[in-house]
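Trainee:
2 protein chains.
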Amino acid sequence: MRVEILCTGDEILTGKTINTNYSHIARRLVEVGLGVHWGTTVGDDRGSLLQAFRQAGERADAVIVNGGLGPTVDDLSQEVAAEACGVPLVLSDYWMKRMEESYARRGRVMPPNNRKQAMLPQDAEFIDNPIGTACGFAVTIGKARFFFTPGVPREMRRMVDEQVIPRLLALSGITGVTRLKRFHSFGIGESRADGMLSDIPAFQDGSIKLGFQAHYPELETKLAVRGDSEAALAAVLAPVEAEVRRRLGNFVIAEDDQTLEGVVLGALLAKGLSVATVETASGGHLAARLAPQPGAEKVFRKSVVARNPAELGIAGANDDAARTAATALRAETGASHALALLVEMDDGPERPDMGGTVCIGIADADGAVTRPARLVGNRDWVRAGAVEMALDCLRRHLLGLPVDERIDFERR
Amino acid sequence: MRVEILCTGDEILTGKTINTNYSHIARRLVEVGLGVHWGTTVGDDRGSLLQAFRQAGERADAVIVNGGLGPTVDDLSQEVAAEACGVPLVLSDYWMKRMEESYARRGRVMPPNNRKQAMLPQDAEFIDNPIGTACGFAVTIGKARFFFTPGVPREMRRMVDEQVIPRLLALSGITGVTRLKRFHSFGIGESRADGMLSDIPAFQDGSIKLGFQAHYPELETKLAVRGDSEAALAAVLAPVEAEVRRRLGNFVIAEDDQTLEGVVLGALLAKGLSVATVETASGGHLAARLAPQPGAEKVFRKSVVARNPAELGIAGANDDAARTAATALRAETGASHALALLVEMDDGPERPDMGGTVCIGIADADGAVTRPARLVGNRDWVRAGAVEMALDCLRRHLLGLPVDERIDFERR
């Protein structure tokens with residue numbers, strides 16, 4: 000089945016807003032096995048919209064349209080869809096009532112221009128929006144089924160997952176339920192991860208689709224699976240999930256919606272521990288990962304950020320300095336764990352092998368451990384890698400895993 | 000003139016990579032007065048590319064194609080362009096020599112598959128890429144002139160500015176030179192800024208195009224102007240630039256490529272001053288703006304990040320606490336200026352009027368000044384606004400401007 004995405008709106012067309020809705024919809028289509036074949040962007044312009052609907056209706060089997068369902072005059076999607084179908088717009092009493100109730104619940108009266116959002120092409124299929132006033136709908140233009148979704152990201156995301164994708168799967172003859180299992184790792188590059196996992200039989204025979212997405216310094220490994228039922232799906236997924244977890248091993252920092260900082264804070268909270276951090280050259284980025292998290296007020300004691308190690312009475316980024324900095328901070332703050340991240344960036348103009356020397360120190364009641372590393376890349380790259388490595392070292396230390404396992408981003 | 004953007008590549012089509020190249024090209028087209036009328040995204044697929052070239056060739060006068068000029072087999076732009084034009088690909092001896100020389104300068108031998116990058120459609124117009132191996136070219140397909148650019152962002156950006164836009168302006172009959180003047184402000188919303196500026200005659204008569212781009216908490220005000228010569232352009236722009244600067248007044252935090260943190264560091268460096276910071280609830284985000292900047296090693300002394308004000312021996316986010324925290328930090332670090340940012344986020348589940356109470360303190364040799372504020376929004380919104388406000392207060396203090404001018408994002 001050939002699926003297209005059609006995004007509308009002057010803000011998107013003119014580049015004022017970066018089109019993250021497009022990439023979200025496209026990724027979801029790929030994840031459920033539908034794929035995406037064409038993307039179109041047009042502005043809030045009647046002529047362009049009509050032409051785009053007609054051209055997509057000739058090329059595609061299904062089209063997801065995003066945007067243009069708002070209450071203002073430049074929101075044209077319903078109107079132009081009706082024109083392309085050759086039908087009038089008809090007021091949906093049901094949606095008017097839903098909108099009025101929603102305003103009433105918040106003690107407000109619905110503005111008159113919201114009525115426009117309840118005008119749908121005659122005989123359109125209604126697509127529910129449980130969290131907004133822009134309702135979706137589906138119509139057929141040319142040979143394609145068109146699904147209309149609002150531009151507000153959280154409304155679009157929920158409607159695509161709950162309303163549009165099930166209809167697309169039904170249209171395509173793909174039946175059953177889908178699930179996406181995600182592993183987040185630090186320290187393995189995409190090609191190495193692919194080499195470590197691709198010979199698993201379920202990936203070879205296509206019963207589970209393996210995919211990767213690199214967001215340096217993290218790598219996301221995705222397992223997309225479809226089954227006739229939740230039980231059948233779980234039966235296929237469970238052993239493969241366990242095998243992936245085993246093979247990626249200590250490099251798995253989090254799963255699904257977890258984050259590395261969340262896992263670290265969770266481990267500290269669970270054991271009634273606390274933490275303080277000190278960093279040089281990473282300029283507060285380490286503290287900025289931990290301190291704002293929910294629950295951090297119970298765990299996070301204090302952070303010290305120095306641009307120059309001399310401010311801390313130490314020199315360089317080596318084992319001695321990291322041990323000294325962590326131990327001193329632990330004594331000063333009374334935290335159960337102190338984490339020191341020392342970074343010395345290379346001097347001079349940027350060149351290909353440029354990078355930074357890193358040393359991480361962790362002090363606890365048993366003493367201090369250190370982890371030196373040499374990271375290559377520009378300053379932002381080294382800083383991001385060093386902060387991730389510091390958090391990962393603390394995670395490993397708290398979970399009793401080795402802190403000095405070699406990672407793909409370091410040179411030794 | 001009708002201009003379209005056509006982006007190619009599976010990574011973009013499938014949403015794996017967010018299409019920031021599209022928004023960059025579109026913004027540049029709008030800024031020089033050309034506008035953009037249609038966007039298309041297709042994958043590395045011969046059939047889709049050919050169809051997309053032909054359809055755009057029927058709709059547009061000019062098309063910027065991005066991507067597909069690399070050395071690998073899935074890079075198809077030259078090949079499909081030649082097919083669409085009905086001409087063979089021909090080796091450019093000039094580009095082969097340029098690539099070989101570029102490899103030789105780095106002491107390397109050019110891999111054989113780079114030869115593909117010198118194969119251009121017969122009679123194509125050569126478009127120089129001064130910083131990469133993917134050369135650009137222009138051909139005519141249907142009624143449109145197509146400009147091919149590489150997907151590597153820094154190469155694309157330079158080629159669009161230096162090579163493509165001048166050609167598009169010539170095609171469109173627009174002559175002369177263009178300039179974009181940018182003001183960055185903090186504390187004024189887009190609609191108020193529009194109200195403050197839109198009656199300036201040059202904006203009314205269209206001789207200068209006024210535009211805004213909000214990146215909360217900052218607002219970018221853009222003046223796009225075109226003239227027959229640099230001198231003519233400067234003559235038009237200079238008085239309007241001065242008038243905009245006067246009207247936006249103390250809210251202008253930076254201009255053009257400057258940043259707020261850069262302006263603050265510059266003011267400190269120029270006067271031989273130094274700074275230390277202390278923050279609660281903003282979790283290191285204040286330090287993360289200042290400490291990593293070039294030149295910060297001469298100015299930035301130390302930062303303390305506490306989740307809980309009690310860690311600093313203070314309570315709440317009020318004038319007394321801010322004064323105490325700033326004065327103590329100045330004494331401890333010996334910095335000429337100490338900046339304290341205290342934030343108390345509202346408790347409980349998120350609700351529309353939720354926000355945070357903020358107090359900023361600045362201590363210097365003359366004593367301490369404070370700036371209380373109430374910011375509304377979710378935690379991320381309040382944190383971003385509070386960090387910006389702290390940096391802006393320090394900027395204002397260093398430049399002798401009032402630190403307590405009311406901003407649009409606060410409630411009093």
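First to last, the sequence lines map onto chains A and B.
Using numbering that gives the first Met the number 0, the letters of the first sequence correspond one by one to residues 0 to 411.
Using numbering that gives the first Met the number 0, the letters of the second sequence correspond one by one to residues 0 to 411.
Where a beta carbon is used, it is the ideal one built from N, C-alpha and C, also for glycine.
Out of A/Phe52, A/His284, A/Lys96 and A/Val72, state which residue places its alpha-carbon closest to the alpha-carbon of cysteine 84 of chain A.
Mentor: Within the first sequence, the letter at position 85 stands for residue 84 of chain A. When only C-alpha atoms are compared, the closest one is A/Phe52.
Trainee: How about alanine 404 of chain B: is its C-beta nearer than 9 Å to some C-beta of chain A?
Mentor: For the purposes of this step, residue 404 of chain B is taken as residue 405 along the second sequence, with counting starting at 1. Here residue 404 of chain B is glutamate; the residue named in the question, alanine, does not match the sequence. It does not: the Cβ of glutamate 404 of chain B has no partner Cβ on chain A nearer than 9 Å.
Trainee: For a contact meaning CB atoms closer than 9 Å, what does alanine 295 of chain B contact in chain A?
Mentor: Start at 1 with the first residue of the second sequence, and residue 295 of chain B comes out as number 296. Those are Gly282 and Arg306, listed as they occur along chain A.
Trainee: Closest to valine 108 of chain A by C-alpha separation, out of A/Arg114, A/Arg245, A/Gln116 and A/Glu99, would be which residue?
Mentor: Here residue 108 of chain A refers to the residue found at position 109 when the first sequence is read from its first residue. Looking at the Cα atoms, A/Glu99 is the closest of the given residues.
Trainee: Of all Cβ atoms in chain B, is any one closer than 9 Å to the Cβ of histidine 412 of chain A?
Mentor: The shown model of chain A, from 0 to 411, leaves out residue 412 of chain A, and the question about it has no answer.
Trainee: Under the DSSP definition of a beta bridge, which residues are partnered with alanine 426 of chain B?
Mentor: The requested residue 426 of chain B is not part of the displayed model; chain B covers only 0 to 411.
Trainee: Cutting at 6 Å between CB atoms, please list the residues of its own chain near isoleucine 164 of chain A, excluding the five before and the five after it.
Mentor: As a first step, residue 164 of chain A must be located in the first sequence, where it is residue number 165. If we look at isoleucine 164 of chain A and ignore the five residues flanking it on each side, its Cβ neighbours are Val31.
Trainee: Say whether the segment 136-146 of chain B touches the segment 19-36 of chain B, bearing in mind that this needs 3 or more beta-carbon pairs closer than 8 Å, one atom from each stretch.
Mentor: At 8 Å Cβ cutoff, the stretches do not touch.
Trainee: Going along chain B, which residues have a C-beta under 7 Å from histidine 23 of chain A?
Mentor: In the first sequence, counting from the first residue as 1, residue 23 of chain A sits at position 24. Per Cβ cutoff of 7 Å: Gly14.
Trainee: Are three or more beta carbon pairs between the segment 44-59 of chain B and the segment 395-407 of chain A nearer than 8 Å?
Mentor: No, the segment 44-59 of chain B is not in contact with the segment 395-407 of chain A.
Trainee: Please decide whether serine 335 of chain A counts as near chain B, where near means a Cβ-Cβ distance under 9 Å.
Mentor: Locating residue 335 of chain A in the first sequence gives position 336, counting from the first residue. Judged by the 9 Å Cβ criterion, serine 335 of chain A is not in contact with chain B.
Trainee: Express the C-alpha separation of glycine 384 of chain B and phenylalanine 438 of chain B in angstroms, rounding to a whole number.
Mentor: For residue 438 of chain B there is no data in the structure shown, the boundaries of chain B being 0 and 411.
Trainee: If you reduce the DSSP assignment to three classes, tell me which class aspartate 436 of chain B lands in.
Mentor: Here chain B covers residues 0 to 411 and nothing more, so residue 436 of chain B does not appear.
Trainee: If I'm right that alanine 55 of chain B touches proline 120 of chain B with Cβ under 8 Å, what's the distance once you round it to whole angstroms?
Mentor: For this step, residue 55 of chain B is matched to residue 56 along the second sequence. For this step, residue 120 of chain B is matched to residue 121 along the second sequence. Contact doesn't hold; Cβ gap of about 16 Å is too wide.
Trainee: If contacts are defined as beta-carbon pairs under 8 Å, then isoleucine 313 of chain A and threonine 323 of chain A qualify, I think. What distance do you get, rounded to the angstrom?
Mentor: Here residue 313 of chain A refers to the residue found at position 314 of the first sequence. Here residue 323 of chain A refers to the residue found at position 324 of the first sequence. Contact flag correct, Cβ pair sits at about 5 Å.
Trainee: In whole angstroms, what is the alpha-carbon distance linking aspartate 73 of chain B and alanine 213 of chain A?
Mentor: Working through the second sequence from its first residue, we reach residue 73 of chain B at position 74. Working through the first sequence from its first residue, we reach residue 213 of chain A at position 214. Whole-angstrom Cα-Cα distance: 20 Å.
Trainee: Could you tell me the boundaries of the beta strand (DSSP E) in which serine 302 of chain B lies?
Mentor: Here residue 302 of chain B is taken as the residue at index 303 of the second sequence, counted from 1. Looking at the DSSP string, the run of the beta strand (DSSP E) that includes serine 302 of chain B is 299-305.
Trainee: Would you give the residue range spanned by the beta strand (DSSP E) that methionine 95 of chain B belongs to?
Mentor: Numbered from 1 along the second sequence, position 96 holds the residue referred to as residue 95 of chain B. First-last for methionine 95 of chain B: 92-104, but that is the alpha helix (DSSP H), not the beta strand (DSSP E).
Trainee: Under 9 Å between C-beta atoms, does serine 47 of chain B make it to chain A?
Mentor: Here residue 47 of chain B refers to the residue found at position 48 when the second sequence is read from its first residue. At least one chain A Cβ lies under 9 Å of serine 47 of chain B.
Trainee: Go ahead and label lysine 297 of chain B buried or exposed: buried means 16 or more other beta carbons lie within 10 angstroms of its beta carbon, across all protein chains shown.
Mentor: Here the question's residue 297 of chain B lines up with position 298 in the second sequence. Under this definition lysine 297 of chain B is an exposed residue.
Trainee: Taking only three categories from DSSP, how would you classify proline 371 of chain A?
Mentor: The sequence position of residue 371 of chain A within the first sequence is 372, counting from 1. Three-state result, proline 371 of chain A: strand.
Trainee: Quick one: residues in its chain with C-beta nearer than 7 Å to the C-beta of threonine 16 of chain A, no 5 flanking neighbours on either side, listed in chain order?
Mentor: By one-based count along the first sequence, residue 16 of chain A stands at place 17. Cβ neighbours of threonine 16 of chain A beyond the five flanking positions: Glu10.
Trainee: I want to verify the contact list: residues of chain A whose CB lies under 8 Å from the CB of asparagine 18 of chain B, in sequence order.
Mentor: Against the second sequence, residue 18 of chain B aligns to sequence position 19. Going along chain A in sequence order, the residues near asparagine 18 of chain B (Cβ under 8 Å) are Ile17, Asn18, Tyr21 and Ser22.
Trainee: Can you say whether proline 200 of chain A is buried or exposed, counting buried as having 16 or more other CB atoms within 10 angstroms of its CB?
Mentor: Locating residue 200 of chain A in the first sequence gives position 201, where the first residue counts as 1. Flag for proline 200 of chain A reads exposed.
Trainee: So arginine 153 of chain B is in the alpha helix (DSSP H); what residue range does that whole segment cover?
Mentor: Position 154 of the second sequence, counting from 1, holds the residue named residue 153 of chain B. Arginine 153 of chain B -> alpha helix (DSSP H) spans 152-158.
Trainee: Under 9 Å, do alanine 337 of chain A and cysteine 358 of chain A count as touching if we go by C-beta distance?
Mentor: Within the first sequence, the letter at position 338 stands for residue 337 of chain A. Within the first sequence, the letter at position 359 stands for residue 358 of chain A. Not closer than 9 Å, so no.
Trainee: Can you say whether cysteine 287 of chain B is buried or exposed, counting buried as having 16 or more other CB atoms within 10 angstroms of its CB?
Mentor: Here residue 287 of chain B refers to the residue found at position 288 of the second sequence. In the sequence on display, residue 287 of chain B carries alanine and not cysteine. Answer is buried; the Cβ neighbour count reaches 16.
Trainee: For methionine 118 of chain A, write down the residues that DSSP places opposite it in a beta bridge.
Mentor: Start at 1 with the first residue of the first sequence, and residue 118 of chain A comes out as number 119. Answer by DSSP bridge pairing, in chain order: A/Leu90.
Trainee: Can you tell which of A/Ala275, A/Leu33 and A/Asn112 has the C-alpha that lies nearest to the C-alpha of leucine 68 of chain A?
Mentor: In the first sequence, counting from the first residue as 1, residue 68 of chain A sits at position 69. Cα-wise, what sits closest to leucine 68 of chain A is A/Asn112.
Trainee: Do leucine 289 of chain B and serine 302 of chain B have their C-beta atoms within less than 9 Å of each other?
Mentor: Here the question's residue 289 of chain B lines up with position 290 in the second sequence. Here the question's residue 302 of chain B lines up with position 303 in the second sequence. Yes. Within cutoff.
Trainee: Can you tell me whether DSSP reads phenylalanine 408 of chain A as helix, strand or coil?
Mentor: On the first sequence, residue 408 of chain A is found 409 positions in, with the first residue counted as 1. The answer is coil: DSSP assigns phenylalanine 408 of chain A none of H, G, I, E or B.
Trainee: Using 8 Å as the threshold, is the segment 201-209 of chain B in touch with the segment 278-286 of chain B, meaning 3 or more CB pairs across them?
Mentor: Judged by Cβ distances under 8 Å, the segment 201-209 of chain B makes no contact with the segment 278-286 of chain B, as fewer than three pairs qualify.
Trainee: Taking the straight line between their C-alpha atoms, what separation do you get for asparagine 317 of chain B and arginine 329 of chain B?
Mentor: The residue you call residue 317 of chain B lines up with position 318 of the second sequence. The residue you call residue 329 of chain B lines up with position 330 of the second sequence. Spanning the two alpha carbons is a distance of roughly 18 Å.
Trainee: Identify each residue in the segment 112-140 of chain A for which the Cβ-Cβ distance to at least one residue of chain B is less than 8 Å, and report them in chain order.
Mentor: Going along the segment 112-140 of chain A in chain order, one finds no residue with a Cβ nearer than 8 Å to chain B.
Trainee: Specify, as a first and last residue, the run of the beta strand (DSSP E) that serine 6 of chain B falls within.
Mentor: Translated into the one-based positions of the second sequence, residue 6 of chain B becomes position 7. Looking at the sequence shown, residue 6 of chain B is not serine but cysteine. Taken as a continuous stretch (DSSP letters only), the beta strand (DSSP E) holding cysteine 6 of chain B covers 2-7.
Trainee: Looking at alanine 59 of chain B: is its Cβ nearer than 9 Å to the Cβ of valine 151 of chain B?
Mentor: Within the second sequence, residue 59 of chain B is the residue found at index 60, counting from 1. Within the second sequence, residue 151 of chain B is the residue found at index 152, counting from 1. No, the pair does not count as a contact, with Cβ atoms beyond the cut-off.
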